[in-house]
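Numbering (UniProt numbering), first residue to last: 1 to 234.
Since the structure comes first, as structure tokens, the remarks are kept for the end.
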């Protein structure tokens, strides 16, 4: 609990068997989190066994896709502050304090992985990913004339439960661009938000999307299409 507000952390998992237990343990050590929800999105064999060794609650979401997993987690969460993270070791649990410190003034707080001093050695943030995410973010910032944005692909974020209720019926996608769609809906609704620097570490294992340059490029094009669609047709 943080300032009398309950905190839920949502972790979607597909291919994080080798890192998920450690990620949950890191969250448990904070002592302020009321519930950790893991959304098993057809995860690899052995993932459930790792989760059961922790205090996290496991929920199975059969409909494949990052967006489907996150929406399920957000609907199941009971906290006042809903935090979305990753179980792959890339994000630092203590950065949750950063997100929470802005929650009094903003209804939505999102991370950015573009601060060089916070990008750890070995992190998957090369030239293509860093500047690709930056350019897509700047496109959204320019077209929507909104708050400064520097990272369109960061999934580390906090959204208030009451804020999520305002946008939950407006989602159209269920895939990897769900995080950007959430941000664009926040902008369209005029909800106050801020983007803040967070740590970014080396991933345990390989990402099914950003670990493949072709898939990452396709995701980037999907994001650009989504921005134009939201700006001019919705």
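By construction, the Cβ of each residue, glycine as well, lies at the ideal position given by its N, Cα and C atoms.
These figures come from a predicted structure and were not determined experimentally.
Leaving aside the five residues that flank residue 202 on each side, the residues in its chain whose CB is nearer than 8 Å to its CB run, in chain order, 89, 90, 120, 121, 122, 123 and 124. Our two residues, residue 21 and residue 173, have alpha carbons roughly 29 Å apart in a direct line. At least 8 Å separates the beta-carbon of residue 137 from that of residue 184. For residue 111, the enclosing beta strand (DSSP E) covers residues 108-112. Taking all protein chains shown into account, residue 107 has 16 or more neighbouring C-beta atoms within 10 Å of its C-beta and is therefore buried. Taking C-alpha positions only, residue 190 is separated from residue 98 by approximately 23 Å. Straight-line measurement puts the Cα of residue 83 at about 4 Å from the Cα of residue 158. Taking residue 110 as the centre and dropping the five residues before and after it, the same chain places the C-beta of 154, 157, 183, 193 and 195 closer than 7 Å to its C-beta, in chain order. Under the three-state reduction of DSSP, residue 176 is assigned to coil, being neither helix nor strand. Put simply, of 216, 32 and 33 the residue whose alpha carbon is nearest the alpha carbon of residue 130 is 216. In this structure the segment 225-234 does not touch the segment 40-52; the number of beta carbon pairs closer than 8 Å is below three. Within a 10 Å sphere around the beta-carbon of residue 221 sit fewer than 16 other beta-carbons, which makes this residue exposed. Rounded to whole angstroms, the gap between the alpha carbons of residue 234 and residue 31 is 42 Å. Restricted to the segment 121-204, the beta strand (DSSP E) segments that are unbroken, complete and at least 3 residues in length are 157-160 and 193-197, listed in chain order. Taking the Cα of residue 146 as reference, the smallest distance to any Cα among 132, 187 and 46 is reached at 187. The shortest CA-to-CA distance from residue 224 to any of 197, 204, 180 and 87 is the one to 180. Between the C-alpha atoms of residue 29 and residue 79 there is a straight-line separation of about 18 Å. Within the same chain, Cβ atoms closer than 8 Å to the Cβ of residue 166 are found at 189 and 191, the five residues on either side in sequence being excluded.
For residue 47, the enclosing alpha helix (DSSP H) begins and ends at 47-52.
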